[in-house]
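Beneath this line is the structure, given in structure tokens, with notes to follow.
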């Protein structure tokens with residue numbers, strides 16, 4: 095089993111739709127969680143950190159479920175510019191090898 | 228406030244040559260990470276460095292690859308005797324600590340081995 099698993103997609107949804115991604119992780123000792131987005135042939139960019147109580151940033155909502163070991167990202171009122179690959183990142187302890195990137199979920203928003 | 232700076236953006240090398248990739252972390256960041264990404268694949272961790280120290284190199288190939296982060300100047304990822312399989316995007320990221328802070332990425336170096 096992979097340490098961090100994501101549905102690779104692609105998710106193809108119409109503009110204005112709501113879309114949700116899940117990401118599961120295997121290490122129960124994981125401490126920090128993030129969502130990044132990566133556009134084609136560009137660097138990953140931090141979208142948002144994920145806090146235990148859940149957090150929202152505009153149209154984006156992230157949640158963490160420690161008991162079931164998954165994090166989620168919800169995008170409301172999707173825009174064409176949301177088309178990208180979304181990477182789930184799980185940080186264990188102070189060792190860099192415990193910073194695990196998921197392989198990403200591809201999202202395509204159609205007009 | 229400059230972000231993570233990587234250069235060159237594109238690097239072409241012939242088989243057997245050496246490739247040197249440079250990374251200057253964000254101001255105030257002393258932790259540097261190198262990742263490799265093949266086309267249509269995810270990011271693979273290579274090495275984690277602090278100033279003058281290699282903290283974790285568990286993702287580095289045993290031969291031909293080395294990394295350093297000197298007291299002065301950028302971090303360097305060095306690939307000796309490059310082969311076609313080394314062609315990839317190499318991303319550097321930095322963070323201010325080894326705790327819960329997120330990583331900030333540079334825009335990468337795309338290495339092509341001909």
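Chains as they are written, first to last, in this note's numbering: chain A, 95 to 205; chain B, 228 to 341. Where is the CB? At the ideal position from N, CA and C, for every residue including glycine. Please read these numbers as outputs of a predicted model, since none were measured by experiment.
Test item: CB-CB of residue i and residue j under 7 angstroms
i: residue 278 of chain B; j: residue 298 of chain B; result: yes
i: residue 274 of chain B; j: residue 267 of chain B; result: no
i: residue 258 of chain B; j: residue 325 of chain B; result: yes
i: residue 328 of chain B; j: residue 322 of chain B; result: yes
i: residue 156 of chain A; j: residue 144 of chain A; result: yes
i: residue 105 of chain A; j: residue 167 of chain A; result: no
i: residue 309 of chain B; j: residue 246 of chain B; result: yes
i: residue 115 of chain A; j: residue 199 of chain A; result: yes
i: residue 296 of chain B; j: residue 137 of chain A; result: no
i: residue 133 of chain A; j: residue 142 of chain A; result: no
Residues of its chain near residue i, where Cβ-Cβ distance is below 7 angstroms and the 5 sequence neighbours each way are ignored
i: residue 182 of chain A; result: 98, 100, 117, 129, 165 and 196
i: residue 203 of chain A; result: 107, 109, 172, 173, 174, 176 and 177
i: residue 282 of chain B; result: 275 and 276
i: residue 263 of chain B; result: 271, 273, 315 and 317
i: residue 291 of chain B; result: 306, 307 and 308
i: residue 256 of chain B; result: 321, 322 and 323
Closer than 7 angstroms to chain B by CB, residue i
i: residue 126 of chain A; result: yes
i: residue 122 of chain A; result: no
i: residue 109 of chain A; result: no
i: residue 137 of chain A; result: yes
i: residue 141 of chain A; result: no
i: residue 146 of chain A; result: no
i: residue 202 of chain A; result: no
i: residue 197 of chain A; result: yes
C-beta neighbour in chain A for residue i, strict 7 angstroms
i: residue 334 of chain B; result: yes
i: residue 230 of chain B; result: no
i: residue 329 of chain B; result: yes
i: residue 296 of chain B; result: no
i: residue 269 of chain B; result: yes
Nonlocal neighbours in the same chain, by C-beta distance under 6 angstroms from residue i, ignoring five residues either side
i: residue 248 of chain B; result: 304, 317 and 336
i: residue 265 of chain B; result: 315
Residues of its chain near residue i, where Cβ-Cβ distance is below 8 angstroms and the 5 sequence neighbours each way are ignored
i: residue 186 of chain A; result: 121, 123, 124, 125, 192, 193 and 194
i: residue 294 of chain B; result: 261, 273, 274, 276, 281, 284, 287, 302, 303, 304 and 305
i: residue 148 of chain A; result: 155, 156, 157 and 158
i: residue 236 of chain B; result: 334, 335, 336 and 337
i: residue 102 of chain A; result: 197, 198, 199 and 200
### Query
Is it true that the stretch 162–178 of chain A meets the stretch 105–119 of chain A, where meeting means three or more beta-carbon pairs spaced less than 8 angstroms apart?
As far as the Cβ criterion goes, the stretch 162–178 of chain A touches the stretch 105–119 of chain A, which means the pair count is three or higher.
### Query
When the Cβ atoms of the stretch 117–126 of chain A are set against those of the stretch 237–255 of chain B, are three or more pairs found closer than 8 angstroms?
No, they do not touch.
#### Entry: Uninterrupted beta strand (DSSP E) stretches inside the stretch 273–311 of chain B (no shorter than 3 residues)
Listed in chain order, the beta strand (DSSP E) runs fully inside the stretch 273–311 of chain B are 280–283, 292–295 and 302–306, counting runs of at least 3 residues.
### Task
Determine which residues of the stretch 277–294 of chain B have a Cβ less than 8 angstroms from any Cβ of chain E, and write them out in chain order.
Structure shown: chain E not included; protein chains present are A and B.
### Query
Where in the stretch 101–140 of chain A do unbroken runs of the beta strand (DSSP E), each at least 3 residues long, occur, reported from the N-terminal end onward?
Contiguous beta strand (DSSP E) elements confined to the stretch 101–140 of chain A occur at 105–108, 113–119 and 126–132, taking only those with 3 or more residues.
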